[in-house]
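>
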Amino acid sequence: MTAATPASEAKRPPAPPRRWTNTRVLGHVLMALWIVSGVSLVYYLGSNVASPFVLKYWPNYIDGFLVTLQIVGLSLLIGALLSVPIAAARSSKWIIFSAPAYGYVYFFRGTPLLAQTFLIYYGAGSFRTELESVGLWGFFREAWYCVIFAFSLNTSAYQAEILRGALQNVPKGQWEGALALGLSRPVTFFKVILPQAMMVALRPYGNEVILMIKGSAIASIITIYDLMGETRRAYSRSYDFQAYIWAAVLYLMIVEVLRRVWDRFELRLTRHLKR
Amino acid sequence: MNEALTLLSFGEGGWGDTIARGILVTVSLAIATLPFGLILGFLIALAKNSSEPSLKLAANIYTTIFRGLPELLTLFLVYFGVQIGIQQGLKLIGFDAYIEVNSFVAGMVALALVFSSYASEAFLSAFRGIPVGQYEGGNALGLSRFKTMRFIILPQLIRLALPALGNLWLILVKETSLVSVIGLADLVREAGIAARVTKEPFLFFGVACLVYLVLAMISSIGLAWVERWSKRGEAAR
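Order-wise, the sequence lines are chains F and P. Under my numbering, the first residue of the first sequence carries the number 4, and numbering increases by one thereafter. Under my numbering, the first residue of the second sequence carries the number 370, and numbering increases by one thereafter.
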């Protein structure tokens, strides 16, 4: 009887070859399709980088990009400010506060952003004399202000719901604990409740930012030259389909970058919750 | 007030029938999109749920693209892209024709693409809520993979995915408004025409908004009913 072979010499049996199942074939075919279309897209865009179209319209795209960022940034900021009182009213015990806030949120979440924008931009014309007498006509005459106004109201309704949901998610014991420690109500709210609520709200807020970026394309319909507006103008002048392809690439880049940054951000802020 | 009611009435001098036609187009577009979006979304969720990495990756690329693009841009890409694609194709075989794509179909395709990429996420999270034991149970009974899916997994999947799908349906109804931009005579477009002719934009766009709200309310009632229906097996327990 010879001694058993030492462990170092024992060879692990080779992994069985992966079979070409139907799903595997399908997956490879689909991936091949994606790769072919991706490569041809890159080739197409690469061969057009120095084309007259790009040279002519590139500055417009940059301008449009900046306008889109401005619209989204301003609306989100104003919406965030507006959402605080709305969320407070919505969760109030008194129905005279909660009912209008509920109606507001229901209206802005239940109707399309496009219809809201039209309602404000074109609808303001119905009240021209009234608005002129209060001196607000100059505000509603400008498409730019109307877009900011409509988008702010829209996002404030969504943000109010996010805020309310996040605040409700904080257990009651946190309030009671802070009370037991003798903290005043504002301190409790800002130092105890809000940080915990923000952790829950982070993901929906990120989604709302992305929704706003995508929704801001609607501004182009009422003559705002944001990224989408510049794209439509470039297409209507050149009849060159690459106008839309460049826009798609730019939008995808904004959204993807934002999504990744937001994921990092969330990971960082919730790192103490990792086990 | 009376004036407004006259404008909204049906028949001569009223815009009620125009608006009603717009509502019909909006609703039929949403309903026509739904089955395609659901089936495509389910297939993509199956791909994402499979153990084959290449299939998973292919499905993830699809959702990344269609969830990242603005819906309006997707619509234009489909509307003009298909049109130009067909024209180029015809040119290759020697025809030189101007082709116009039906805006209803273009809207349907674009909305189905967007809807399916969101729906696949809803289905995927529902898949994760079904324990492996359900598949194994089906296997032990000697059911084929298709039958396991059809009779064991799918009924539970629908129940789990329904709340998310209901939200997506409400979003879909709102998104149909974008199709007005490529010339489909939906609710927003008809309201816009009425507003321009009568010079009463606030009234007509306000009515359009209210109609969307009513559609949302009807949908919620319908969804609550479907949800009860999907849970009918649980009540007996």
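Ideal Cβ placement from N, Cα and C applies to all residues, glycine included.
1) Figure out for me which residue from Leu493(P), Leu444(P), Ala491(P), Ser486(P) has the closest Cα to the Cα of valine 470(P).
2) Anyone know if the C-beta pair for tyrosine 448(P) and serine 472(P) falls short of 8 Å?
3) On the criterion of 16 or more Cβ atoms from any shown chain inside 10 Å, does serine 420(P) qualify as buried, or is it exposed?
4) With methionine 586(P) as the anchor, note down where its alpha helix (DSSP H) starts and where it stops.
5) Relative to the C-alpha of serine 599(P), which residue among Ala466(P), Ala530(P), Ile408(P), Tyr431(P) is closest?
6) Indicate the three-state DSSP secondary structure (helix, strand or coil) for tyrosine 107(F) in the structure shown.
7) Can you tell me whether DSSP reads isoleucine 499(P) as helix, strand or coil?
8) Would you say the segment 242–254 of chain F touches the segment 428–445 of chain P, given that touching needs at least three Cβ pairs under 8 Å?
9) How many angstroms separate the CA atom of serine 485(P) from the CA atom of alanine 428(P)?
10) Quick check: what's the CA-CA separation for glutamine 456(P) versus arginine 236(F)?
11) Looking at C-alpha atoms only, which residue of Gly454(P), Gln452(P), Leu480(P), Phe411(P) is the closest neighbour of isoleucine 400(P)?
12) Roughly how many angstroms lie between the CA atoms of isoleucine 213(F) and leucine 442(P), to the nearest whole one?
13) Decide yes or no for the touch test of the segment 229–249 of chain F against the segment 163–182 of chain F: beta carbon pairs closer than 8 Å, at least 3 of them.
14) For proline 115(F), would you say it is in contact with chain P, using Cβ-to-Cβ distances shorter than 8 Å as the test?
15) State yes or no: is the beta carbon of lysine 600(P) nearer than 8 Å to at least one beta carbon in chain F?
16) When the Cα atoms are used, what is the spatial distance from alanine 222(F) to glycine 511(P)?
17) Measure the alpha-carbon distance for leucine 446(P) versus leucine 156(F) and round it to whole angstroms.
18) Going by CA-CA distance only, name the one from Ser101(F), Pro16(F), Ala13(F), Pro115(F) that's closest to valine 542(P).
19) Where does the unbroken alpha helix (DSSP H) through asparagine 210(F) begin, and where does it stop?
20) Please list, in chain order, the chain P residues whose beta carbon lies closer than 7 Å to that of valine 258(F).
21) Measuring straight from C-alpha to C-alpha, what distance separates valine 173(F) and leucine 182(F)?
22) Please confirm if serine 423(P) has its CB atom under 8 Å from at least one CB of chain F.
23) Considering only C-alpha positions, which residue in the set Glu233(F), Leu184(F), Tyr125(F), Ser86(F) is nearest to tyrosine 107(F)?
24) Going by other Cβ atoms of all chains shown within 10 Å of its Cβ, with 16 needed for buried, is aspartate 266(F) buried or exposed?
25) Does the Cβ-Cβ distance between asparagine 393(P) and valine 576(P) come in under 8 Å?
26) Roughly how many whole angstroms lie between the Cα atoms of leucine 548(P) and threonine 26(F)?
27) Report the neighbours of glutamine 119(F) on chain P: residues whose CB is nearer than 9 Å to its CB, in chain order.
28) Please confirm if methionine 34(F) has its CB atom under 8 Å from at least one CB of chain P.
29) Among Ala416(P), Glu596(P), Leu409(P), Thr395(P), which residue has its Cα nearest to the Cα of valine 32(F)?
30) Going by C-alpha distance, which of Tyr148(F), Leu270(F), Leu272(F) is nearest phenylalanine 121(F)?
31) Are the beta-carbon atoms of isoleucine 248(F) and leucine 48(F) separated by less than 8 Å?
32) Can you give the Cα-Cα distance for glutamate 269(F) and proline 207(F), rounded to whole angstroms?
33) Is any non-hydrogen atom of the ligand HEM found closer than 7 Å to the C-beta of threonine 71(F), if you look at the structure I gave you?
34) For the segment 79–93 of chain F and the segment 151–170 of chain F, state whether three or more C-beta atom pairs, one from each stretch, are separated by less than 8 Å.
35) Could you tell me whether the Cβ of proline 532(P) comes closer than 8 Å to any Cβ of chain F?
36) Kindly list the residues whose CB is nearer than 8 Å to the CB of glutamate 505(P), restricted to its own chain and excluding five residues on each side of it in sequence; keep chain order.
In short, the structure shows the following:
1) Along the second sequence, read from residue 1 onward, the residue named residue 470(P) stands at position 101. Per the Cα distances, Leu444(P).
2) Here the question's residue 448(P) lines up with position 79 in the second sequence. Here the question's residue 472(P) lines up with position 103 in the second sequence. Their beta carbons are under 8 Å apart, which means tyrosine 448(P) touches serine 472(P) by this criterion.
3) If you number the second sequence from 1, residue 420(P) lands on position 51. Exposed: under 16 other Cβ atoms inside 10 Å.
4) The residue you call residue 586(P) lines up with position 217 of the second sequence. Its alpha helix (DSSP H) spans residues 570–599.
5) By one-based count along the second sequence, residue 599(P) stands at place 230. When only C-alpha atoms are compared, the closest one is Ala530(P).
6) For the purposes of this step, residue 107(F) is taken as the residue at position 104 of the first sequence. Tyrosine 107(F): helix per DSSP, three-state reduction.
7) On the second sequence, residue 499(P) is found 130 positions in, with the first residue counted as 1. In the structure shown, isoleucine 499(P) sits in coil (DSSP, three-state: anything other than H, G, I, E or B).
8) yes
9) Your numbering for residue 485(P) matches position 116 in the second sequence. Your numbering for residue 428(P) matches position 59 in the second sequence. Whole-angstrom Cα-Cα distance: 11 Å.
10) Numbered from 1 along the second sequence, position 87 holds the residue referred to as residue 456(P). Numbered from 1 along the first sequence, position 233 holds the residue referred to as residue 236(F). Going by the C-alpha atoms only, they are around 22 Å apart.
11) Taking the first residue of the second sequence as position 1, residue 400(P) is located at position 31. Its Cα nearest to that of isoleucine 400(P), the residue Leu480(P) stands out among Gly454(P), Gln452(P), Leu480(P), Phe411(P).
12) Indexing the first sequence from 1 puts residue 213(F) at position 210. Indexing the second sequence from 1 puts residue 442(P) at position 73. If you take the alpha carbons of isoleucine 213(F) and leucine 442(P), they lie about 15 Å apart.
13) These segments do not touch.
14) Working through the first sequence from its first residue, we reach residue 115(F) at position 112. It does; some Cβ of chain P falls within 8 Å.
15) For the purposes of this step, residue 600(P) is identified with residue 231 of the second sequence, where counting begins at 1. With 8 Å as the cut-off, lysine 600(P) does not count as an interface residue toward chain F.
16) The sequence position of residue 222(F) within the first sequence is 219, counting from 1. The sequence position of residue 511(P) within the second sequence is 142, counting from 1. Straight-line Cα distance between these residues: approximately 57 Å.
17) Locating residue 446(P) in the second sequence gives position 77, where the first residue counts as 1. Locating residue 156(F) in the first sequence gives position 153, where the first residue counts as 1. Note on geometry: alpha-carbon atoms of leucine 446(P) and leucine 156(F) lie some 29 Å from one another.
18) For the purposes of this step, residue 542(P) is identified with residue 173 of the second sequence, where counting begins at 1. Checking every option, the nearest Cα to that of valine 542(P) belongs to Pro115(F).
19) What you label residue 210(F) is simply residue 207 of the first sequence in a count that begins at 1. That run of the alpha helix (DSSP H) goes 197–218.
20) The sequence position of residue 258(F) within the first sequence is 255, counting from 1. Result: Gly437.
21) Within the first sequence, the letter at position 170 stands for residue 173(F). Within the first sequence, the letter at position 179 stands for residue 182(F). Those two C-alpha atoms are separated by around 15 Å.
22) Here the question's residue 423(P) lines up with position 54 in the second sequence. With 8 Å as the cut-off, serine 423(P) counts as an interface residue toward chain F.
23) As a position in the first sequence, residue 107(F) is number 104, starting the count at 1. Nearest of Glu233(F), Leu184(F), Tyr125(F), Ser86(F) to tyrosine 107(F), Cα basis: Ser86(F).
24) Within the first sequence, numbered from 1, the residue matching residue 266(F) stands at position 263. Flag for aspartate 266(F) reads exposed.
25) For the purposes of this step, residue 393(P) is identified with residue 24 of the second sequence, where counting begins at 1. For the purposes of this step, residue 576(P) is identified with residue 207 of the second sequence, where counting begins at 1. Just to set this straight, residue 393(P) is leucine in the shown sequence, not asparagine. Their beta carbons are not under 8 Å apart, which means leucine 393(P) does not touch valine 576(P) by this criterion.
26) Indexing the second sequence from 1 puts residue 548(P) at position 179. Indexing the first sequence from 1 puts residue 26(F) at position 23. It is worth fixing the name first, because residue 548(P) is valine in this sequence and not leucine. Valine 548(P) and threonine 26(F): Cα-Cα distance of roughly 36 Å.
27) Taking the first sequence and counting its residues from 1, the one referred to as residue 119(F) is at position 116. Ordered by position in chain P, the residues that pass the 9 Å Cβ test against glutamine 119(F) are Phe574, Cys578.
28) Your numbering for residue 34(F) matches position 31 in the first sequence. Yes, methionine 34(F) lies at the interface with chain P (some Cβ there is under 8 Å from its Cβ).
29) As a first step, residue 32(F) is located in the first sequence; it is residue number 29 there, counting from the start. Ranking Ala416(P), Glu596(P), Leu409(P), Thr395(P) by Cα distance to valine 32(F) puts Ala416(P) first.
30) Against the first sequence, residue 121(F) aligns to sequence position 118. Ranking Tyr148(F), Leu270(F), Leu272(F) by Cα distance to phenylalanine 121(F) puts Tyr148(F) first.
31) Counting from one through the first sequence, the residue named residue 248(F) turns up at place 245. Counting from one through the first sequence, the residue named residue 48(F) turns up at place 45. Yes. Within cutoff.
32) Residue 269(F) sits at position 266 when you count from the first residue of the first sequence. Residue 207(F) sits at position 204 when you count from the first residue of the first sequence. Their backbone Cα atoms lie some 11 Å apart in a straight line.
33) The ligand HEM is not part of this structure, which contains no ligands at all.
34) yes
35) Indexing the second sequence from 1 puts residue 532(P) at position 163. It does not; no Cβ of chain F falls within 8 Å.
36) Taking the second sequence and counting its residues from 1, the one referred to as residue 505(P) is at position 136. Taken in chain order, the list of residues that qualify is empty.
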